[in-house]
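Here's the structure, in structure tokens; my notes come after.
2 protein chains.
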Amino acid sequence: MKPEIAPTTEPLSKARLRVWLKLLKTVNGVETGIRRNLRDDHQTTLPRFDVMSALARFSDGLKMSELSKFLKVSNGNVTGIVDKLSEEGLVLRVAVPGDRRAQIARLTPKGLEAFEELAEHHESWINNLLEGLSVDDIETLSSTLDVVLSHQAEKE
Amino acid sequence: MKPEIAPTTEPLSKARLRVWLKLLKTVNGVETGIRRNLRDDHQTTLPRFDVMSALARFSDGLKMSELSKFLKVSNGNVTGIVDKLSEEGLVLRVAVPGDRRAQIARLTPKGLEAFEELAEHHESWINNLLEGLSVDDIETLSSTLDVVLSHQAEKE
DNA sequence: GCCTAAAACTTTAAACTTAAAATATTTTAA
DNA sequence: TTAAAATATTTTAAGTTTAAAGTTTTAGGC
Chain A
3 MKPEIAPTTE PLSKARLRVW LKLLKTVNGV ETGIRRNLRD DHQTTLPRFD
53 VMSALARFSD GLKMSELSKF LKVSNGNVTG IVDKLSEEGL VLRVAVPGDR
103 RAQIARLTPK GLEAFEELAE HHESWINNLL EGLSVDDIET LSSTLDVVLS
153 HQAEKE
Chain B
3 MKPEIAPTTE PLSKARLRVW LKLLKTVNGV ETGIRRNLRD DHQTTLPRFD
53 VMSALARFSD GLKMSELSKF LKVSNGNVTG IVDKLSEEGL VLRVAVPGDR
103 RAQIARLTPK GLEAFEELAE HHESWINNLL EGLSVDDIET LSSTLDVVLS
153 HQAEKE
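For the record, the sequence lines run as chains A and B. Under the working numbering, the first residue of the first sequence carries the number 3, and numbering increases by one thereafter. Under the working numbering, the first residue of the second sequence carries the number 3, and numbering increases by one thereafter.
Given below as structure tokens:
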């Protein structure tokens, strides 16, 4: 008697690869949309928005190194972005009392105002781009992503 | 009698924003892992891998413009990457008979061999990074992403 | 106090990216 | 046939990103 042949299913590893590519495609698509909106409607960029967003969240400001760690980008990168935002009066560099090496980046009132305007639009763009997702979809998706994220956190 | 106050739930728009940020964080984490692996274990980069991957899929090669369209990057971008890969003997530029403007980029045997090595490792990295995801998780995730992707496709 | 190591930034070099201009070739249409 | 438009690609200029090197300042150990 021939051995039973199990129905050939795609190996889990291939399925994971496939869903990864889909994940990447989805996120790239959304991100491209956001970048375009930021550029066309507000003459700004995603990295600038990210910096402003971080500084808005920490209203006392962040040291340059804290900012780069929070955003997971290099130190040199935030230097450049904060330079530009400073020139435009949206961000201020404040000396840290007692440590002349360090500087704190803070939003100016003008910067905060600009960010709030951006944030409102940003939320609405995202809402459009993710229009099909129900509360249940979101809940399930969120749990699934938590699995991956906690796995990432372990490895650090 | 007082009117019933519905329990204040987070607006759908905020929930979508929140899950978007989580999606972004997840994908960035995985992508960072892949880039690090490509660099540390194979002295290469993600854009190079992407180009090789596209050329491996189309074994007859792709015109430069087809390649840039497929990868959704600019023409000039692939020119530079293909230049480098050519110098290293991994990719070949072939004239298109009947159209002297066009060129077809193809993997060399050496390039194909290098890619297959990379692809095997890549699949295993992804498999590790997405380790917690079951077949069911993947199925559900895939359907959810399809919702967003089809919405994206509409807008083009 | 003085020297070394660590910390906080900035600068630099290399790779990637895009949009726009430039080049070469092919197609269209008058 | 030939001028104009379209196509395929490369080149260029400007900007982003990172890792690594460089600068300044602080903290410890002797």
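Beta carbons: idealized from backbone N, C-alpha and C, even for Gly.
Does the beta carbon of GLY78 of chain A come closer than 8 Å to any beta carbon on chain B?
GLY78 of chain A does not count as touching chain B.
Of all the CB atoms in chain B, is at least one closer than 8 Å to the CB of ASP139 of chain A?
Flagged as an interface residue toward chain B: ASP139 of chain A, by a C-beta distance shorter than 8 Å.
For ASP43 of chain A, which residues from the same chain have a beta carbon less than 8 Å from its beta carbon, with the 5 sequence-adjacent residues on both sides left out?
HIS123
Cβ neighbours of THR47 of chain B in the same chain (closer than 8 Å, five flanking residues each side left out):
ARG37, LEU40, ARG41
Is it the case that the region 104 to 121 of chain B contacts the region 131 to 151 of chain B, given that we only count it when at least three CB pairs across the two stretches are under 8 Å?
no
Give the interface partners of THR146 of chain A over in chain B, defined as CB-CB distance under 8 Å, in chain order.
What THR146 of chain A touches in chain B: LEU135, ASP139, THR142, LEU143.
LEU69 of chain B vs ALA104 of chain B beta-carbon contact at 8 Å:
no
Chain-ordered neighbours of ASN39 of chain A on chain B, where CB pairs are closer than 9 Å:
What ASN39 of chain A touches in chain B: nothing, since even the nearest Cβ is about 12 Å away.
According to DSSP, is ILE154 of chain B part of a helix, a strand, or is it coil?
Before going on, a small fix: residue 154 of chain B reads as Gln here, not Ile. If DSSP states are grouped into helix, strand and coil, GLN154 of chain B belongs with the helices.
Can you tell which of B:LEU57, B:ASN77, B:GLU90, B:LEU23 has its C-alpha closest to the C-alpha of GLN45 of chain B?
B:GLU90
Count the CB pairs spanning the region 134 to 143 of chain B and the region 77 to 94 of chain B that are closer than 8 Å, and state whether there are at least three.
The region 134 to 143 of chain B vs the region 77 to 94 of chain B: no contact.
Buried or exposed: which applies to GLY31 of chain B, given that a residue is buried once 16 or more other Cβ atoms fall within 10 Å of its Cβ?
buried
Under the three-state reduction of DSSP, which class applies to ASP85 of chain A: helix, strand or coil?
helix
Indicate the three-state DSSP secondary structure (helix, strand or coil) for ASP101 of chain B in the structure shown.
strand
What is the DSSP secondary structure of LEU109 of chain B, counted as helix, strand or coil?
strand
Opposing strand residues paired with ARG95 of chain B [DSSP bridges]:
B:ALA107
Over what stretch of residues does the alpha helix (DSSP H) that includes TRP75 of chain B continue unbroken?
Reading off the sequence shown, one finds Val at residue 75 of chain B, where the question assumed Trp. Taken as a continuous stretch (DSSP letters only), VAL75 of chain B belongs to no alpha helix (DSSP H), as it is neither H nor E.
Could you check the C-alpha separation between LYS74 of chain A and GLY63 of chain B for me, to the nearest Å?
When rounded, the distance between both Cα atoms is 37 Å.
Below 8 Å on C-beta distance, what does HIS44 of chain B contact in chain A?
Chain A residues near HIS44 of chain B: none, gap ~17 Å exceeds 8 Å.
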